[in-house]
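Participant: Questions regarding the structure given below will be posed in turn.
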Amino acid sequence: MMQKIQPALERLLKAVDRLTAEHARLSEAGEEMLGKLAELETLEVECAHLRTEVSTLKKQNQNLESSQKRAATQVEKAMRQIDDVLGEA
């Protein structure tokens, strides 16, 4: 009877060792996953800030383009007035 118990006990201990090792591996993988999730959350927040910044920059660009067009129109008008004055002289 003891001869049968000893090998069974050894197999049980080996199985427990494998189970313990697998548990440790999974625990480590879980911690790594939590770290990656935190990093992902940080990147998502950063991405949202960057989208907002890009949107603001696009609006500023549109405003600058409008100002540039108005300035170009005013310069053209002034040039025509100068040409008119010089043409009359």
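Using the UniProt record's numbering, you'd call the opening residue of the sequence shown number 1 and step up by one each time.
Heads up, the beta-carbon is just placed ideally off N, CA and C, and yes, glycines get one too.
The model shown is predicted, which means the values in this text are computed figures rather than measured ones.
What's the C-alpha gap between residue 8 and residue 16?
Facilitator: 12 Å
Participant: Short of 8 Å in beta carbon distance, which residues of its chain neighbour residue 58, apart from the five on each side in sequence? Order them along the chain.
Facilitator: The beta carbon of residue 58 sits closer than 8 Å to no other beta carbon from its chain once the five residues preceding and following it are set aside.
Participant: Roughly how many angstroms separate the alpha carbons of residue 54 and residue 70, rounded to a whole number?
Facilitator: 24 Å
Participant: So for residue 2, helix, strand or coil by DSSP?
Facilitator: helix
Participant: Please list, in chain order, all residues of the same chain as residue 26 whose beta carbon is under 7 Å from its beta carbon, the five residues on each side excluded.
Facilitator: none
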